[in-house]
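J.: Top to bottom, those sequences are chains A and B.
Reminder that position 380 of the first sequence reads as 398 in this note's numbering, one-by-one numbering, no gaps.
Reminder that position 9 of the second sequence reads as 10 in this note's numbering, one-by-one numbering, no gaps.
Think of the CB as a built atom: it goes at the ideal place given N, C-alpha and C, for glycine as much as any other residue.
As the structure is a computational prediction, the values presented were derived from the model and not from experiment.
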Amino acid sequence: MTGWREPTRLEVTTLGLLLVLALSSTGCASLTPPPGRGMKLHYSHGEAAAPLEPVGPQWLHHGQGLRGSTEGTARGSTLAAHLAFRGALSDVAGTTRRLSGELSKLEKSHWGIAGKGAGLFLPHVGYGQSQLRWMEAELAAATRLADAASEVEDEDMRLALLRLAGPRLEAAMLGSLVLAAWVDVLHLLDVAFKHGYNSLETLFVEMDRWQKMLEPAMTALASQEPGQLKAAAQDMPLLMGHLSGEFNATAQRLHSGLRNIQKVMALAQLVEMVTMVSAMKFSLPRLGPSAPATLGMGMMMGGDGVMMGTRIVVSAEWVEMMRRLVRAGVISLPAVSAAVRIQAGQVLMAEAHDELPHGVREALGDGPEVRGMRVTDRAGAGMAEPPGHHVLPKEFREWFEKRGFTGEMSIDHFCVRLEQAHHQAIHGGGNWKLGRTWPGEWNRMIMETLRKAEARAGRMLTPTEVLGTVAKRMTDYGIQMDFIRWRGP
Amino acid sequence: MSSGRAWQGNVKARLYERVRERGYDSLTAFADARPAVPLHLLAEELGKDDVAGVQVLSGLLAEAERRKQVTRFVRDVFTRLWSQSVPDGWPTVLDDANRFKVAEALGSWIAYTPETHKERADRVSDSLLATPPPPGWRPLGPDDTLLLTLLPDEEA
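1) Can you tell me whether His-63 (chain A) is helix, strand or coil according to DSSP?
2) Which word fits Asp-165 (chain A), buried or exposed, when buried means at least 16 other C-beta atoms lie within 10 angstroms of its C-beta?
3) Mind pulling the chain B residues with CB within less than 8 Å of Gly-422 (chain A)?
4) Which residues in the same chain as Glu-171 (chain A) place their Cβ atom closer than 7 Å to its Cβ, once the five residues preceding and following it in sequence are excluded?
5) Provide the residue(s) that pair with Gly-320 (chain A) in DSSP beta bridges, ordered along the chain.
6) Under 8 Å, Cβ to Cβ, is there at least one residue of chain B near Thr-91 (chain A)?
7) Would you verify that the beta carbon of His-440 (chain A) is, or is not, closer than 8 Å to some beta carbon of chain C?
8) Does the distance from the CB of Leu-247 (chain A) to the CB of Glu-188 (chain A) come in under 8 Å?
9) With three or more C-beta pairs closer than 8 Å as the rule, is the region 23-31 of chain B touching the region 498-507 of chain A?
10) When the Cα atoms are used, what is the spatial distance from Gln-438 (chain A) to Ser-84 (chain B)?
11) One question on the structure: do Leu-152 (chain B) and Val-38 (chain B) come within less than 8 Å of each other, judged by their Cβ atoms?
12) Ser-333 (chain A) by DSSP, collapsed to three states: which one?
13) Flag this pair as yes or no: are the beta carbons of Leu-374 (chain A) and Val-344 (chain A) separated by less than 8 Å?
14) Please state the DSSP three-state secondary structure of Val-223 (chain A).
15) Which residue's Cα is closest to the Cα of Met-340 (chain A): A:Gly-184, A:Arg-454, A:Gly-112, A:Glu-426?
16) In three-state DSSP terms, what is Val-434 (chain A)?
17) Should Pro-115 (chain B) be flagged as near chain A, meaning a C-beta pair shorter than 8 Å?
18) What does a CB cutoff of less than 6 Å around Gly-130 (chain A) pick up in its chain, not counting 5 residues either side in sequence?
19) Trp-228 (chain A) and Leu-177 (chain A): beta carbons closer than 8 Å?
20) Residues of chain B with CB under 7 Å from Leu-340 (chain A), in chain order?
21) For Trp-83 (chain B), which residues in chain A fall below 9 Å Cβ to Cβ?
22) Just the Cα atoms here: how many angstroms apart are Gly-422 (chain A) and Pro-481 (chain A)?
23) Assign Arg-477 (chain A) to buried or exposed, taking buried as 16 or more other Cβ atoms, counted over all protein chains shown, within 10 Å of its Cβ.
24) Enumerate, from N- to C-terminal direction, the unbroken alpha helix (DSSP H) stretches of 4 or more residues contained entirely within the region 109-157 of chain B.
25) Bridge partners for His-407 (chain A) per DSSP, in chain order?
26) Using alpha carbons as the reference points, say which of B:Val-20, B:Pro-133, B:Val-87, B:Asp-77 lies closest to Arg-139 (chain B).
27) Starting from the beta carbon of Glu-466 (chain A), find every residue of chain B whose beta carbon is closer than 8 Å, and list them in chain order.
28) Using DSSP with H/G/I as helix, E/B as strand and the rest coil, what is Ile-502 (chain A)?
29) Quick one: using the 10 Å Cβ neighbour count with 16 as the cut-off for buried, is Asp-154 (chain B) buried or exposed?
30) At 8 Å on the CB atoms, spell out the chain B contacts of Gly-193 (chain A), in chain order.
31) Determine which residues of the region 5-31 of chain B have a Cβ less than 7 Å from any Cβ of chain A, and write them out in chain order.
32) Report the option in A:Leu-221, A:Thr-220, A:Met-191 whose CA atom is closest to the CA atom of Ala-240 (chain A).
33) Is the beta carbon of Gly-108 (chain B) less than 8 Å from the beta carbon of Thr-467 (chain A)?
34) Nearest by alpha-carbon distance to Tyr-495 (chain A): which of A:Leu-204, A:Gly-385, A:Trp-460 is it?
35) Just checking Tyr-25 (chain B) against the ligand PLP - is the residue's beta carbon closer than 7 Å to any of the ligand's heavy atoms?
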């Protein structure tokens, strides 16, 4: 569940509380299999399909289980991806809940950040809260998509819906890591004020600079633009490195600015304590003469998860969860890699765009087929994407809106990239048609299908029903259920 | 089937080459040997990556047009869509969920039916719902008795 890293002495209470909260509130905990079992369930290419119970003619199984999927994604691995997605969602939701609690406490810290100079520093708490809101919105949208996925019968459509939800989870996951660091900074200030630190102006200027440093990353993450999201993920370890460095410098300065020996002791302890929220702790050299612990230590995949020396960076369970999502194409490897590197606090030693060691990447799901899976995704390379084509015809946007295709389920999210020949063919062009009396034009055909079905059902179709029907017809037209977002006419 | 390859090259030539390779002299003969099997699976058998279900549909229609057996073709398409959407046959209880399955099959069928037969397909759909067939009804071919009654051949 809370698989980020090994709880240190100071975190045990917090983690314990979270564990209790998570177990008692949502019941999501039971969705993530224990590590031992998880390892057995893992995705293995082409053979992960659970044996299907024998009902009906054989082709039915064939049709429902393996149809039209280039990745050989079968029932078993889609289910595994679905469960992993739920697990990851509750993981990130746990983090945002915790951050929300921390921010509320800070907001009321009258002896600290909300006291003297509150007008100067409270907006920074507010900034954190506003960031939290988009993350919560993304998580809610991702949850709704995952819910829709569990209702759809078609395997490919189910996976497609999870893939739609993936970037939202990614954004919230990375955003929560940055926000955790921001909350650490706020804690540092809070502690400093509580101990009578007075030079508000310098701190104010610094806070302003830090916020500006975070801003582009946060905006990119909140934008839901695949290209921006990817770029932000890649830059994030470096950004966190800078932030850690600045944080450390400020902590040092606060340290030497306090003459009273007792206060110095207190601050040294407190700096260690405040960094419990984020991963910055591990990238910070200790205050005082002792050498930084993490420098130059490589990461490796061990039985308990990703290890750095003797410390667990992320748990085996988390790795397994992410591996399933990466293998299913639900979330991207760069995002997961960034999360691991940030968790490792590897930021100080990784000045360049350092990659994770091969073994760790492999454990996280990297492999030739994963790299090949998204070759069409050119966003990361900064290239213009080929135009998307609406599967649910945009001329009938309102019709779909009335049936619940709004927000994260808007028809703009259900677009596909088609080669020109394919696009022309399904819109009535080309010379593929052998029969004369059936036009077979996609838009006309799909609207007629849905309308006639609705007339016979005697009610409006639900989004899940629409998607199920569309999935069947997409398969007939050889249209892959790999959705992209529509951008522009 | 999932890639764009089905739409490259000479679609017709490829389709008939595959049919001949499998020992049939027409697409209709190939399909008749696989009654009530959904179109996308016929396509998959002819070419996993380079034949699409609607191409098979269009090819079957072309042959039916030549043979003046379009009504039979329409019934045949019904069976293939029916077994895809309502695999267990006509539902014992026509509750909301089951009614949708039937509606999906009928809607898809009407949309896949050539212009010449659309109105008839529409009427057949209505009469099926008005006078439901026995539970479990699953026509296994274009010559299913009930289907023949509802949509008899007209061509001479």
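T.: A quick look at the data gives this:
1) Confidence is the limiting factor: at His-63 (chain A) the pLDDT is only 32, short of 50, which leaves the residue's position unreliable, though a coordinate-based value still follows. Here DSSP, grouped into helix, strand and coil, assigns His-63 (chain A) to coil.
2) With fewer than 16 other Cβ atoms within 10 Å, it is exposed.
3) The premise fails here: Gly-422 (chain A) is roughly 15 Å from chain B at the closest Cβ pair, so nothing lies under 8 Å.
4) Here the set comprises Gly-486.
5) When DSSP reads this structure, Gly-320 (chain A) sits in a beta bridge with A:Gly-323.
6) Because the pLDDT of Thr-91 (chain A) is 46, which lies under 50, any placement of that residue in the model is unreliable, and the question is left without a value.
7) Going by chain labels, chain C is absent from the structure shown, which instead holds the protein chains A and B.
8) Using a Cβ distance threshold of 8 Å, Leu-247 (chain A) and Glu-188 (chain A) count as a contacting pair.
9) Taking 8 Å as the limit for Cβ pairs, the verdict is that the region 23-31 of chain B does not touch the region 498-507 of chain A.
10) About 33 Å.
11) No, Cβ-Cβ distance for Leu-152 (chain B) and Val-38 (chain B) is not below 8 Å.
12) It is a strand residue.
13) No; because the gap between Cβ atoms is not below 8 Å, this pair is not in contact.
14) Residue state, collapsed to three classes: helix.
15) The shortest C-alpha to C-alpha distance from Met-340 (chain A) to any of A:Gly-184, A:Arg-454, A:Gly-112, A:Glu-426 is the one to A:Gly-184.
16) In this structure, Val-434 (chain A) counts as strand in the three-state DSSP scheme.
17) So yes, Pro-115 (chain B) belongs to the interface.
18) Apart from the 5 residues on each side of it in sequence, Gly-130 (chain A) sits with its Cβ closer than 6 Å to the Cβ of Asp-208, Phe-211, Lys-212 in its chain, given in chain order.
19) Taking 8 Å as the Cβ cut-off, Trp-228 (chain A) and Leu-177 (chain A) do not qualify as a contacting pair.
20) Position check: residue 340 (chain A) holds Met in this sequence, whereas Leu was assumed. Within chain B, no residue comes near Met-340 (chain A); the closest Cβ sits about 26 Å away, beyond 7 Å.
21) What Trp-83 (chain B) touches in chain A, judged by beta-carbon distance under 9 Å, is nothing: the nearest beta carbon there is about 12 Å away.
22) So the two alpha carbons sit approximately 6 Å from each other.
23) Arg-477 (chain A) counts as exposed, since fewer than 16 other C-beta atoms from the protein chains shown sit within 10 angstroms of its C-beta.
24) Here the runs fully enclosed are 119-131, 146-151.
25) His-407 (chain A) is bridged to A:Val-434.
26) Among B:Val-20, B:Pro-133, B:Val-87, B:Asp-77, the Cα nearest to that of Arg-139 (chain B) belongs to B:Val-87.
27) Ordered by position in chain B, the residues that pass the 8 Å Cβ test against Glu-466 (chain A) are Gly-108, Ile-111, Ala-112.
28) Ile-502 (chain A) falls in the strand class under three-state DSSP.
29) In the assembly as shown, Asp-154 (chain B) is an exposed residue. Its beta-carbon has fewer than 16 other beta-carbons within 10 Å.
30) Result: empty, since nearest Cβ-Cβ is about 33 Å, beyond 8 Å.
31) Residues Gly-5, Ala-7, Trp-8, Gln-9, Val-12, Lys-13.
32) Measuring from the Cα of Ala-240 (chain A), the nearest candidate turns out to be A:Met-191.
33) Yes.
34) If we check each option's Cα against that of Tyr-495 (chain A), A:Trp-460 comes out closest.
35) In terms of ligand content, the structure shown is empty, and the ligand PLP therefore cannot be addressed.
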